[in-house]
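A short worksheet on the structure shown next.
Residue numbers (our numbering), protein chains in the order written: chain R, 1 to 316; chain G, 317 to 632.
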């Protein structure tokens with residue numbers, strides 16, 4: 001891995017053209033903010049650039065993808081943003097794995113072998129790094145770009161809630177607001193507005209919430225039947241796993257998502273007492289210390305039983 | 317009203333001693349952060365100071381009130397912080413109304429007649445103003461003071477979510493984090509941790525949520541029976557009213573709280589389309605454009621009916 005700093009990264013981008021920006025699959029606010037934000041900066045420099053990802057972009061990000069006009073071209077230089085591993089490109093991995101020229105990321109665990117890597121694991125969001133790159137490119141940050149980058153900051157920090165948000169994150173947000181970022185509107189769209197279908201799903205999820213092991217383990221199950229009943233679907237469930245961890249005394253929060261084939265994807269949330277990535281690791285998964293995930297071939301009930309049992313081993 | 321600036325305010329405080337700081341009744345994070353933060357600054361200057369309020373301070377603020385040692389003394393100078401009107405002092409109003417020497421606040425509607433008033437309605441939280449005063453006093457902000465002032469910033473802005481949070485608010489937060497404010501821990505305590513009793517109440521509230529007028533009006537009812545069933549009580553319900561406004565399409569959110577005597581207190585939440593203070597005004601209440609409250613002598617069902625009917629008149 002050829003690690004570079006922000007200035008070097010800006011220097012490289014200045015030299016290149018026809019730049020394809022890869023965002024990760026199941027795109028979130030940070031990868032989208034990075035992708036469209038960097039893309040708009042490159043377009044402003046008179047370059048051709050385009051940001052793409054494998055999956056459909058959730059509608060709540062329409063203010064990002066509808067307000068940029070990206071040209072078609074034959075890609076000459078490939079940049080990944082907020083992508084920790086090539087597998088996370090999803091269906092784009094087939095075409096682009098091994099071909100990434102410049103990797104810009106904030107995941108300490110980054111495994112991408114690019115020509116150059118700009119990695120800052122202290123950044124709460126990859127958008128914090130992109131803001132520095134854009135400033136090193138001497139680009140005037142306009143309202144659209146500010147909205148892109150603010151979106152990444154706020155979504156990756158749970159609206160500046162998590163300890164990962166440093167004073168640098170807050171200062172970056174302040175700059176972006178001065179550049180015109182519509183913080184109130186963005187945060188309402190990201191955190192306050194629930195679709196009717198999601199609201200209905202969340203109500204069912206909360207009604208079905210169950211506690212185990214002296215209420216130190218909390219489980220929410222999301223079944224295909226619940227999607228059918230509410231008109232909701234997996235793309236709008238990212239706010240469910242944090243619910244498992246909100247009740248006082250809960251140390252392990254487990255969300256079991258039933259897949260269409262009857263197998264399960266599980267999201268784990270913990271506090272300091274349990275390493276979620278180790279718990280997920282017992283089932284072949286991984287992630288961060290307080291947020292991790294794994295997949296099990298078993299059905300919802302059996303998966304729940306297995307995870308609850310394994311959790312008990314992690315609780316002293 | 318003798319309006320003064322931050323420098324003048326600091327100059328006045330330097331001259332005074334035996335300072336009593338009044339916080340508002342039903343204390344929130346902003347008035348407590350101001351009170352204890354300013355008090356600790358004055359103590360650091362070798363003065364005698366004490367911060368008080370009429371009501372019991374919620375337990376989640378223990379990290380503020382348990383970590384300051386306030387002396388007893390005969391008060392010579394009285395300062396109010398984050399108090400918009402003397403009636404908001406609650407039971408302390410009898411003793412202190414008309415006696416406030418210095419009023420520090422961020423409510424545009426402030427009606428207190430003090431010798432001096434430091435008012436900045438652009439500040440998202442009164443703690444933003446106190447930080448400026450403390451810096452003008454040339455006091456080194458320590459971790460405790462930083463925690464106090466950060467608490468005010470984050471609670472009054474819904475964790476930096478609302479449009480009221482400006483770039484100045486974010487910069488103030490950045491400074492406080494650099495001074496040692498434990499932002500991750502504070503935000504978890506303020507926003508992520510629900511007591512078991514509150515969690516149970518919230519689940520009942522969500523199960524009982526009802527929609528009216530093409531789902532443009534959402535109602536949650538909190539009855540005495542629900543408190544009995546869950547072990548919860550009115551002091552831990554401030555997170556309920558925002559729930560009414562979260563579903564897409566809802567323009568008026570109504571929370572009806574049944575009081576022990578069978579009458580009701582109603583919290584109203586709206587978006588731009590409806591002025592909540594006007595809706596509350598129809599029932600003798602008031603507040604802000606998007607958050608207001610009123611009291612009705614009628615029971616829960618009748619109160620709900622009256623408010624839903626009146627809401628329809630406000631929806632075009």
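For glycine and all other residues, C-beta sits at the position ideal for the given N, C-alpha and C. All figures in this text were calculated on a predicted structure; none of them were measured in a lab.
Enclosing alpha helix (DSSP H) for residue i [first to last residue]
{"i": "residue 378 (chain G)", "result": "378 to 381"}
{"i": "residue 303 (chain R)", "result": "300 to 314"}
{"i": "residue 569 (chain G)", "result": "From DSSP, residue 569 (chain G) is part of no alpha helix (DSSP H) but of the beta strand (DSSP E) over 568 to 574."}
{"i": "residue 148 (chain R)", "result": "143 to 156"}
{"i": "residue 420 (chain G)", "result": "Segment 418 to 421 is the beta strand (DSSP E) holding residue 420 (chain G); no alpha helix (DSSP H) there."}
{"i": "residue 279 (chain R)", "result": "276 to 281"}
{"i": "residue 501 (chain G)", "result": "499 to 503"}
{"i": "residue 559 (chain G)", "result": "Here residue 559 (chain G) belongs to no alpha helix (DSSP H), and DSSP marks it neither H nor E."}
{"i": "residue 318 (chain G)", "result": "Run containing residue 318 (chain G): none; DSSP gives neither H nor E here."}
Any chain G beta carbon closer than 8 Å to residue i
{"i": "residue 195 (chain R)", "result": "yes"}
{"i": "residue 160 (chain R)", "result": "yes"}
{"i": "residue 267 (chain R)", "result": "no"}
{"i": "residue 177 (chain R)", "result": "yes"}
{"i": "residue 174 (chain R)", "result": "yes"}
{"i": "residue 191 (chain R)", "result": "yes"}
{"i": "residue 206 (chain R)", "result": "yes"}
{"i": "residue 199 (chain R)", "result": "yes"}
Option in the options with minimal Cα separation from residue i
{"i": "residue 396 (chain G)", "options": "G:586, G:415, G:521, G:385", "result": "G:415"}
{"i": "residue 499 (chain G)", "options": "R:96, R:163, R:135", "result": "R:163"}
{"i": "residue 367 (chain G)", "options": "G:449, G:542, G:435, G:351", "result": "G:351"}
{"i": "residue 64 (chain R)", "options": "R:72, R:152, R:138", "result": "R:152"}
{"i": "residue 103 (chain R)", "options": "R:77, R:91, R:92", "result": "R:77"}
{"i": "residue 484 (chain G)", "options": "G:526, G:558, G:437", "result": "G:437"}
{"i": "residue 541 (chain G)", "options": "G:552, G:574, G:405", "result": "G:574"}
{"i": "residue 275 (chain R)", "options": "R:267, R:263, R:288", "result": "R:288"}
{"i": "residue 296 (chain R)", "options": "R:207, R:283, R:305, R:227", "result": "R:283"}
{"i": "residue 93 (chain R)", "options": "R:130, R:62, R:59, R:54", "result": "R:54"}
{"i": "residue 606 (chain G)", "options": "G:615, G:327, G:558", "result": "G:558"}
{"i": "residue 299 (chain R)", "options": "R:277, R:260, R:273", "result": "R:260"}
{"i": "residue 399 (chain G)", "options": "G:413, G:441, G:449, G:339", "result": "G:339"}
{"i": "residue 129 (chain R)", "options": "R:150, R:105, R:137", "result": "R:105"}
{"i": "residue 470 (chain G)", "options": "G:629, G:578, G:348", "result": "G:348"}
{"i": "residue 551 (chain G)", "options": "G:628, G:359, G:510", "result": "G:510"}
{"i": "residue 382 (chain G)", "options": "G:564, G:360, G:356, G:619", "result": "G:356"}
{"i": "residue 305 (chain R)", "options": "R:5, R:212, R:286, R:166", "result": "R:212"}
Range covered by the beta strand (DSSP E) that runs through residue i
{"i": "residue 583 (chain G)", "result": "580 to 586"}
{"i": "residue 397 (chain G)", "result": "393 to 397"}
{"i": "residue 210 (chain R)", "result": "210 to 212"}
{"i": "residue 432 (chain G)", "result": "432 to 435"}
{"i": "residue 610 (chain G)", "result": "607 to 612"}
{"i": "residue 217 (chain R)", "result": "217 to 222"}
{"i": "residue 517 (chain G)", "result": "That residue, residue 517 (chain G), is in no beta strand (DSSP E); its alpha helix (DSSP H) goes 512 to 523."}
{"i": "residue 138 (chain R)", "result": "Counting along the chain, residue 138 (chain R) falls outside any beta strand (DSSP E), and DSSP gives it neither H nor E."}
{"i": "residue 365 (chain G)", "result": "365 to 368"}
{"i": "residue 43 (chain R)", "result": "Note, residue 43 (chain R): premise wrong, no beta strand (DSSP E); alpha helix (DSSP H) at 29 to 44."}
{"i": "residue 336 (chain G)", "result": "335 to 338"}
Beta-carbon neighbours of residue i, restricted to chain A and to distances below 7 Å
{"i": "residue 17 (chain R)", "result": "Structure shown: chain A not included; protein chains present are R and G."}
Interface flag, residue i vs chain R, CB-CB below 8 Å
{"i": "residue 487 (chain G)", "result": "yes"}
{"i": "residue 500 (chain G)", "result": "yes"}
{"i": "residue 503 (chain G)", "result": "yes"}
{"i": "residue 589 (chain G)", "result": "no"}
{"i": "residue 305 (chain G)", "result": "Because chain G spans 317 through 632 in this model, residue 305 (chain G) falls outside it and cannot be assessed."}
Residue i CB to nearest heavy atom of the ligand MN below 7 Å
{"i": "residue 295 (chain R)", "result": "The ligand MN is not part of this structure, which contains no ligands at all."}
Counting only Cβ-Cβ distances shorter than 8 Å, please list the residues of the region 548 to 566 of chain G near chain R, keeping chain order. 558, 561, 562, 563, 564, 565
Given 8 Å, three or more beta-carbon pairs between the region 139 to 149 of chain R and the region 175 to 192 of chain R: yes
Where the region 143 to 169 of chain R meets chain G: residues whose CB sits under 7 Å from a CB there: 159, 160, 161, 162, 163, 165, 166, 167
Output needed in chain order: residues of the region 527 to 542 of chain G with a Cβ under 8 Å from some Cβ in chain R. 531
Are the region 559 to 572 of chain G and the region 529 to 547 of chain G in contact at 8 Å, needing three or more beta carbon pairs? yes
Count the CB pairs spanning the region 330 to 337 of chain G and the region 430 to 445 of chain G that are closer than 8 Å, and state whether there are at least three. no
Measuring CB atoms only, is the region 384 to 393 of chain G touching the region 503 to 511 of chain G, in the sense that at least three cross pairs come out at less than 8 Å? no
Quick one, which residues of the region 33 to 61 of chain R are near chain G if we go by CB-CB under 9 Å, in chain order? none
Segment contact, 8 Å Cβ cut-off, at least three pairs: the region 228 to 240 of chain R with the region 199 to 206 of chain R: yes
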